[in-house]
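Last residue of the sequence shown: number 1208 in this note's numbering, and the count goes up by one each step with no gaps. Here a beta-carbon is modelled for each residue, glycine too, at the ideal position from N, C-alpha and C. In this text the structure is predicted, and so the values were computed from the model without any measurement. For reference, the structure discussed in these notes is given below.
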Amino acid sequence: MTRVLVIAAHPDDEVLGMGGTIALHAEQGDTVRIVCVTDGSSTQYPGDSAIRAQKEAEARQAAGELGVSDYVHLELPDMRLDTLAHVEINAVVEEQINDFGPQVVYTVHPDVNRDHRALFDSVAVATRPTPEQVVRRVLTYAPTSSTEWTPAPLNWFVPNWLVDISGTLERKLAAFGRYETERREYPHPRSERAIRAAAEFYGASRGCEYAEPFVLVRSLEPF
């Protein structure tokens, strides 16, 4: 059994990027925690406590669809992580790693979204391979409607780790269906049809029906 920490900047990052893989981890008996580090709404809906509560409720329901009950929703400012001191975000990530003790960490890929970039930098610090480090593997995932919109000079998402989610794609779609505040109509990438199409594309790249892509950042596996 493996302890798996999934770190998201915003509610829906985790489902869009790796919902099928989260469901696989849960199915095989791994202990999974999902952490969303921002409040998820304060920039888009300033002062609207109702929408903030709704987003958190949707995120918890989505996690439940994937078989995960350990969902942590933190309070860093949505869409403003780049205004915080780097060490402040580091401390939040380090606290979760120290508390949960994961062997595997997934984090959002650093793309056009500045929150994603700031969070990735802090995860890189918190998971650095010091002698006492418990994390053995770090991967990034790519939320649709963010990574593919990243302009060429910044876009270094070149997957080198593909996970077959043929058996869990429907659970991923059911989980995203819980995000009423985030769903859009096709051809927007945050639509069921677009999510299925992306999984089909990466499945063809792997030789299976559906897959999710990752970048393996670091692996400290025993020989």
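{"Query": "Secondary structure, alpha helix (DSSP H): runs of 4+ residues fully inside the region 1053–1095", "Result": "1071–1085"}
{"Query": "Cβ neighbours of residue 1098 in the same chain (closer than 6 Å, five flanking residues each side left out)", "Result": "1131"}
{"Query": "C-beta atoms of residue 1017 and residue 1057 nearer than 7 Å", "Result": "no"}
{"Query": "Spatially closest choice to residue 1142 from 1094, 1206, 1028 and 1160, by CA coordinates", "Result": "1094"}
{"Query": "Proximity to residue 1156 [Cα-Cα], best of 1045, 1004 and 992", "Result": "1004"}
{"Query": "For residue 1195 and residue 1154, believed in contact at Cβ under 8 Å, the rounded distance", "Result": "5 Å"}
{"Query": "Best match in 1167, 1112 and 1101 for proximity to residue 997 [C-alpha to C-alpha]", "Result": "1167"}
{"Query": "Under 7 Å between C-beta atoms of residue 1022 and residue 1061", "Result": "yes"}
{"Query": "Cα-Cα separation, residue 1068 to residue 1048", "Result": "29 Å"}
{"Query": "N- and C-terminal bounds of the alpha helix (DSSP H) containing residue 1108", "Result": "1099–1111"}
{"Query": "Spatial neighbours of residue 1051 in its chain, beta-carbon cut-off 7 Å, leaving aside the 5 residues before and after", "Result": "1004, 1007, 1008, 1011, 1156 and 1160"}
{"Query": "Bridge partner(s) assigned by DSSP for residue 1149", "Result": "1196"}
{"Query": "Touch test, the region 1183–1199 against the region 1100–1118, Cβ-Cβ under 8 Å, three pairs minimum", "Result": "no"}
{"Query": "Chain-order list of residues whose beta-carbon lies under 6 Å from that of residue 1090 (same chain, five-residue window excluded)", "Result": "990, 1112, 1120 and 1123"}
{"Query": "Backbone secondary structure at residue 1125 - three-state DSSP", "Result": "strand"}
{"Query": "Top-ranked residue by Cα proximity to residue 1054, from 1028, 1063 and 1014", "Result": "1014"}
{"Query": "Residue nearest to residue 1204 in terms of C-alpha spacing, selected from 1114, 1078, 1147 and 1126", "Result": "1114"}
{"Query": "Helix, strand or coil at residue 1154 according to DSSP, with G and I counted as helix", "Result": "helix"}
{"Query": "Range covered by the alpha helix (DSSP H) that runs through residue 1028", "Result": "Where residue 1028 is concerned, there is no enclosing alpha helix (DSSP H), given that its DSSP letter is neither H nor E."}
{"Query": "For residue 1101, the nearest candidate out of 1002, 1165 and 1150 (CA to CA)", "Result": "1002"}
{"Query": "Cβ-Cβ distance between residue 999 and residue 1164 below 7 Å", "Result": "no"}
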